[in-house]
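Data block below; observations after.
Numbering (UniProt numbering), first residue to last: 1 to 218.
Take a look at the structure:
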């Protein structure tokens, strides 16, 4: 989670000017406020997170202590594969997040039946990604979701209409799950080459190779 720091600065003659920072990591935002406070001319500090919640200096200190080991900086890659002969889908998800000073990658896949189209497999893959967020207790924060299915992402953003009933049901499930977790999603369409790891996981699921692994990155 990133924060925007705001403060009032007293200038010569008693005038006051309000400043705000760029988006900063929580510990950097708090450290910046503490340094400014030492100058003696900066005051009325406030912090706004990416969800829009505001925090005082005291609240910010307590928040960072309580959430130090919570997952953050979350990025999700998803892809779905479809086997027409069996109406099965392979779902592939790669999840990156930080926890404390450590960065992790989760690779997971799943094979499910009763699918109708490749598009439905893509929606199912994104719902599977949302269940992984829940599994790793990732909640109440922004999350960037990346995939090569432009239709799915544009429909989730509300930019493109969705006329198929079965896909609308998946849309509702995904939105409800993200809302229940307090996730503020942003969506990014990427190329198939950028999404090759999730694509491979989806293919492996269709081959019967189940993967669910969490790895700490250097």
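Just so you know, even glycine gets a beta-carbon here, dropped at the ideal spot from N, CA and C.
In this structure residue 161 is exposed. Its beta-carbon is surrounded by fewer than 16 other beta-carbon atoms within 10 angstroms.
DSSP links residue 77 through a beta bridge to 94, 146. Just so you know, the alpha carbons of residue 51 and residue 41 end up roughly 29 Å apart. Straight-line measurement puts the Cα of residue 172 at about 15 Å from the Cα of residue 159. For residue 132 and residue 44, the gap between their C-alpha atoms comes out near 39 Å.
Taking all protein chains shown into account, residue 150 has fewer than 16 neighbouring C-beta atoms within 10 Å of its C-beta and is therefore exposed. In this structure residue 192 is in contact with residue 199, their Cβ atoms being roughly 7 Å apart against a cut-off of 8 Å. One alpha carbon belongs to residue 216, the other to residue 105, and they sit about 6 Å apart.
Distance check between residue 102 and each of 144, 153, 69, 36 places 69 closest, using alpha-carbon atoms only.
Cα atoms of residue 115 and residue 123: separation of roughly 11 Å, rounded to the nearest angstrom. If you check the CB distance, residue 92 and residue 201 come in under 9 Å. With fewer than 16 other Cβ atoms from the protein chains shown falling within 10 Å of its own Cβ, residue 28 counts as exposed. For residue 163, the three-state secondary structure derived from DSSP is coil. Taking the Cα positions, residue 33 is about 35 Å away from residue 135. When DSSP states are grouped into helix, strand and coil, residue 128 belongs to the helix group. Cβ contact annotation for residue 154 (same chain, cutoff 7 Å, sequence separation greater than five): 160, in chain order. Taking 9 Å as the cut-off, the beta carbon of residue 113 is found no closer than this to the beta carbon of residue 203.
If you ignore the 5 residues before and after residue 174, its C-beta comes within less than 8 Å of the C-beta of 123, 126, 127, 130, 156, all in its own chain and listed in chain order.
Rounded to the nearest whole angstrom, the C-alpha separation of residue 143 and residue 97 is 10 Å.
Assigned with DSSP and collapsed to three states, residue 191 falls in coil, not helix or strand. The straight-line gap separating the alpha-carbon atoms of residue 178 and residue 184 is approximately 8 Å.
CA-to-CA, the gap between residue 65 and residue 100 works out to about 11 Å.
Sequence-distant partners of residue 48 (beyond 5 residues in either direction) whose C-beta falls short of 6 Å from its own C-beta, in its chain, are 4, 54.
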